[in-house]
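Start counting the sequence shown at 323; every next residue gets the next number (the working numbering).
The beta-carbon is built from N, C-alpha and C at its ideal position, and this holds for glycine as well.
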Amino acid sequence: KEILRLEMDTDNSYVQNLLLAAENVEAFKKAIEHDIHKIVNAVKKIFPVDGKTPELATVIQFLKTWFETEHIDRGLLVKEWAKGNRVSAIQRTESGANAGGGNKTDRNPDYEHTLDTLDVEIAMATLPMDFNIYELPGSVYRRAKEIVKKKESPFKEWSAALRATPGILDYSRAAIFALIRSAHPEFYHYPGRLQGYINANLTETDHENPTEEALTAARHTPEKDAVEEANRQLAAARGEYVEGISDPNDPKWVKTGTSQPTTEPELVKNVGNGIFDVSALMQNSSTHGTETNPETTSNVQVQKADSDEKQAGDAVQAGEGDLGTGKEAVTVENQNQAETHQNNDSVSQSEPEAQQNVPESQQEEPEAAWPEYFEPGRYEGVPNEVYHAANGISSTQVKDARVSLMYFNARHVEKTIVKERSPVLDMGNLVHVLALQPENLEAEFSVEPEIPEGAFTTTATLREFIDAHNASLPALLSADDIKALLEEYNATLPSQMPLGASVDETYASYEQLPEEFQRIENGTKHTATAMKACIKEYN
323 KEILRLEMDT DNSYVQNLLL AAENVEAFKK AIEHDIHKIV NAVKKIFPVD GKTPELATVI
383 QFLKTWFETE HIDRGLLVKE WAKGNRVSAI QRTESGANAG GGNKTDRNPD YEHTLDTLDV
443 EIAMATLPMD FNIYELPGSV YRRAKEIVKK KESPFKEWSA ALRATPGILD YSRAAIFALI
503 RSAHPEFYHY PGRLQGYINA NLTETDHENP TEEALTAARH TPEKDAVEEA NRQLAAARGE
563 YVEGISDPND PKWVKTGTSQ PTTEPELVKN VGNGIFDVSA LMQNSSTHGT ETNPETTSNV
623 QVQKADSDEK QAGDAVQAGE GDLGTGKEAV TVENQNQAET HQNNDSVSQS EPEAQQNVPE
683 SQQEEPEAAW PEYFEPGRYE GVPNEVYHAA NGISSTQVKD ARVSLMYFNA RHVEKTIVKE
743 RSPVLDMGNL VHVLALQPEN LEAEFSVEPE IPEGAFTTTA TLREFIDAHN ASLPALLSAD
803 DIKALLEEYN ATLPSQMPLG ASVDETYASY EQLPEEFQRI ENGTKHTATA MKACIKEYN
């Protein structure tokens, strides 16, 4: 009757909201009376009857969350909601402690903070660059996700320690960053010391408003150029050359001559039929000789493009015959740049002597520069390291493509056909490495070490050595020999005195004791007990 009365009381908005919310939660309609009683009490505790009427959507959200939560965590859920923390689940650490997550922090209110998102923040905190921790650069976030996926150090150790900390999700992002970035760089090697550091330094009172000291320790940089600086740091970490960060003297950076003319002959020349000439790349390398005396330019021809002639100020190239001679190609610039208004046809007539002038000083030989991308074809004279780094197609791929394009796709693209090892293939790989890449021999092949003479290689050799050693030892005594030795030794010991069956026998034995064992004073009564005590002491 009371339930029917409340259901008919349309003026009671509190009860009407609760009844309507229950109708919209399937788990509530299937619940037993015990669970209904507990959840109604929980609703009354979170939303007091005499207080402000809760919104219908909020009540529905709580009812769904309560039924989705494990029975053991429903009490914590009610406490969090009563404090105003609208958590969707109770998260626990590996030890079973409450991981938190209900407090308001410096993160976005719509941001769902879990142990997985904590891992991403830990990974970002381990990065060396400074950035805005509240407006994360895309490159920093992608790098952090990669660290989490690969479980790199020191992220792996920090994650294990912080995930085990009770209430870790209640701390602000600034506190997490400050904790990690203020730690000694070697702490993560020692789990015990790392946990002690966390317990001592992870302290925060206002999770929603971190202090200036915490933001400074977290290296929070809200400047606009922080994103660009983070991108530069990540590019340098990936191995790219970044001005102001990378070392320009590092030999891994390819150096090109800046004093060379702007117009140079083609480095790779297509001679037809899929064959390319790369001798122009080799003519200035250290492995090919160069002509010390510069060539004369008596027969200089002006090269023409496919559509238009070159400008008067362009460099004039030597004849194509110089490309394959191995000699240094000579470029001569038109010195009469002040008269660029003249017709292009007068290039060969305007100050011809100026065109014949060749610099007397020989320029420094630049290092050979190879193209980043090779067009399909056959190349000759390519160094081994350039060959292996190029984007070419191996002979094996060509043969597989001739068999079938489906076979080529399955073996080299999808890799569903696994390459089977064979003695012939191993021998071919070995010969290839020995001839072309001897520096990779130890990395790709296991060289059997030379076993020293007399070393133990198997269990049989070890057992053989032990047996030989035991055979050289003196023979052990038998049981009869040991018994005879014991009897011989016992015979040398003094015989014990009998206690005696009567007082007279005991007295006779007492009189035979040495004087130092006759403890009874003269003039006193010699009792059997006192005499036996002296005899026992002697024995």
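Span of the alpha helix (DSSP H) holding residue i?
{"i": "D826", "result": "825 to 833"}
{"i": "E324", "result": "324 to 330"}
{"i": "T380", "result": "378 to 390"}
{"i": "G514", "result": "513 to 523"}
{"i": "V755", "result": "745 to 758"}
{"i": "G561", "result": "Unbroken run through G561: none, as it is neither H nor E."}
{"i": "M853", "result": "850 to 860"}
{"i": "E443", "result": "437 to 447"}
{"i": "Q338", "result": "335 to 345"}
{"i": "F787", "result": "781 to 794"}
{"i": "V462", "result": "460 to 472"}
{"i": "N363", "result": "355 to 368"}
{"i": "S768", "result": "Premise fails: S768 is in no alpha helix (DSSP H) and is neither H nor E."}
{"i": "D802", "result": "801 to 813"}
{"i": "Y729", "result": "727 to 730"}
{"i": "T538", "result": "534 to 539"}
{"i": "I498", "result": "495 to 503"}
{"i": "V371", "result": "Taken as a continuous stretch (DSSP letters only), V371 belongs to no alpha helix (DSSP H), as it is neither H nor E."}
{"i": "F350", "result": "348 to 351"}
{"i": "V400", "result": "396 to 404"}
{"i": "L881", "result": "Because the chain spans 323 through 861 in this model, residue 881 falls outside it and cannot be assessed."}
Work out the CA separation of residue j and residue i for me, nearest whole Å.
{"i": "L378", "j": "N339", "result": "6 Å"}
{"i": "G460", "j": "K721", "result": "43 Å"}
{"i": "N792", "j": "R743", "result": "47 Å"}
{"i": "K426", "j": "T439", "result": "16 Å"}
{"i": "N454", "j": "A558", "result": "19 Å"}
{"i": "S568", "j": "R465", "result": "19 Å"}
{"i": "K366", "j": "A445", "result": "42 Å"}
{"i": "F778", "j": "P745", "result": "29 Å"}
{"i": "L815", "j": "A790", "result": "41 Å"}
{"i": "L342", "j": "D331", "result": "13 Å"}
{"i": "P842", "j": "M853", "result": "Correcting the residue identity first, residue 842 is Ile in this sequence and not Pro. C-alpha separation (whole angstroms): 8 Å."}
{"i": "V319", "j": "A536", "result": "As shown, the chain starts at 323 and ends at 861. That puts residue 319 outside it, with no answer to give."}
{"i": "N334", "j": "L328", "result": "8 Å"}
{"i": "A349", "j": "V337", "result": "19 Å"}
{"i": "S768", "j": "L752", "result": "11 Å"}
{"i": "N861", "j": "L807", "result": "22 Å"}
{"i": "R485", "j": "I788", "result": "53 Å"}
{"i": "S716", "j": "R724", "result": "13 Å"}
{"i": "E562", "j": "D572", "result": "12 Å"}
{"i": "W403", "j": "F499", "result": "28 Å"}
{"i": "P760", "j": "I773", "result": "24 Å"}
{"i": "G703", "j": "Y729", "result": "32 Å"}
{"i": "T319", "j": "I739", "result": "With the chain covering only 323 through 861, there is no way to say anything about residue 319."}
{"i": "T487", "j": "Q413", "result": "12 Å"}
{"i": "E345", "j": "D372", "result": "23 Å"}
{"i": "S794", "j": "K741", "result": "56 Å"}
{"i": "A264", "j": "G397", "result": "This structure cannot settle anything about residue 264, because the visible part of the chain is limited to 323 through 861."}
{"i": "I325", "j": "H359", "result": "13 Å"}
For the putative contact between residue i and residue j, defined by C-beta atoms under 8 Å, what is the C-beta separation to the nearest angstrom?
{"i": "L747", "j": "V755", "result": "The Cβ separation is near 13 Å, so there is no contact."}
{"i": "F384", "j": "I368", "result": "7 Å"}
{"i": "R515", "j": "F509", "result": "6 Å"}
{"i": "Q834", "j": "C856", "result": "Wrong, their Cβ atoms sit about 11 Å apart, outside the cutoff."}
{"i": "V825", "j": "A850", "result": "5 Å"}
{"i": "I520", "j": "A482", "result": "Incorrect: roughly 11 Å between the Cβ atoms, too far for contact."}
{"i": "V442", "j": "K467", "result": "7 Å"}
Could you check whether residue j and residue i sit closer than 8 Å to each other, using their CB atoms as the reference points?
{"i": "R541", "j": "D452", "result": "yes"}
{"i": "L524", "j": "L556", "result": "no"}
{"i": "T386", "j": "V347", "result": "Looking at the sequence itself, residue 386 is Lys, so the reference to Thr does not match. Yes, they are a contact pair."}
{"i": "R408", "j": "R495", "result": "no"}
{"i": "T391", "j": "A411", "result": "yes"}
{"i": "E479", "j": "P507", "result": "no"}
{"i": "V497", "j": "P532", "result": "Checking the sequence, you will find Ala at residue 497 rather than Val. In contact: A497 and P532 (Cβ atoms closer than 8 Å)."}
{"i": "G822", "j": "S831", "result": "yes"}
{"i": "L449", "j": "V470", "result": "no"}
Count the CB pairs spanning the segment 483 to 494 and the segment 432 to 446 that are closer than 8 Å, and state whether there are at least three. Taking one beta carbon from each stretch, the segment 483 to 494 and the segment 432 to 446 have 3 or more pairs nearer than 8 Å; the two touch.
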